[in-house]
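Colleague: Before I ask anything, let me first share the structure, which is written out below as structure tokens.
Numbering (my numbering), first residue to last: 6 to 114.
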């Protein structure tokens, strides 16, 4: 089994959220962290906040590119090299999804 750590993050807008992190280990290692305030009933000025981070901790063949379209929309793309990178990224994204789904349910319970 793996260790999940509870953390606290202060986002750029000053919002403090609880996040959860873990290492995803294979031939490479990813650090993954995610958290959300859950649904708060609005857009950027009134709604919830969500955060996630995926970081190479060892030997990950990973490239990340930020971009802006001609219309001004922002995005990012991730390129991975290798079978272990595919495996660990799938596990990392599943962890992110689980954290965000669990933390967003608290509003409705």
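For each residue, glycine too, the CB sits at the ideal point set by N, CA and C. Just so it is clear, the structure is predicted and the values come from calculations on it, not from any experiment.
Please tell me whether residue 7 and residue 28 are closer than 8 Å, where the distance is taken between their beta carbons.
Modeller: yes
Colleague: Considering only their Cβ atoms, is the gap separating residue 62 from residue 104 smaller than 8 Å?
Modeller: no
Colleague: Under three-state DSSP, which class holds residue 13?
Modeller: strand
Colleague: Leaving out the 5 sequence neighbours to the left and right, which residues in its chain are closer than 7 Å to residue 114 when beta-carbon positions are compared?
Modeller: Low confidence applies here, because residue 114 scores a pLDDT of 49, under 50, leaving its location unreliable; read the following figure in that light. The answer is none, since no qualifying residue turns up.
Colleague: Short check: CB of residue 67 to CB of residue 36, under 8 Å?
Modeller: Not a contact, by the Cβ cut-off of 8 Å.
Colleague: Using CA coordinates, which residue listed in 108, 30, 87, 83 is at the minimum distance from residue 70?
Modeller: 83
Colleague: What is the DSSP secondary structure of residue 20, reduced to helix, strand or coil?
Modeller: Secondary structure at residue 20: coil, using DSSP grouped into helix, strand and coil.
Colleague: So if DSSP puts residue 70 in a beta bridge, which residue, or which two residues, is it bridged to?
Modeller: BP columns for residue 70 point to 82.
Colleague: Can you tell me whether DSSP reads residue 7 as helix, strand or coil?
Modeller: Coil, per DSSP.
Colleague: On a Cα-Cα basis, can you pick out the residue from 21, 48, 55 that is closest to residue 101?
Modeller: 55
Colleague: Of the choices 57, 15, 88, whose alpha-carbon is the least far from that of residue 26?
Modeller: 57
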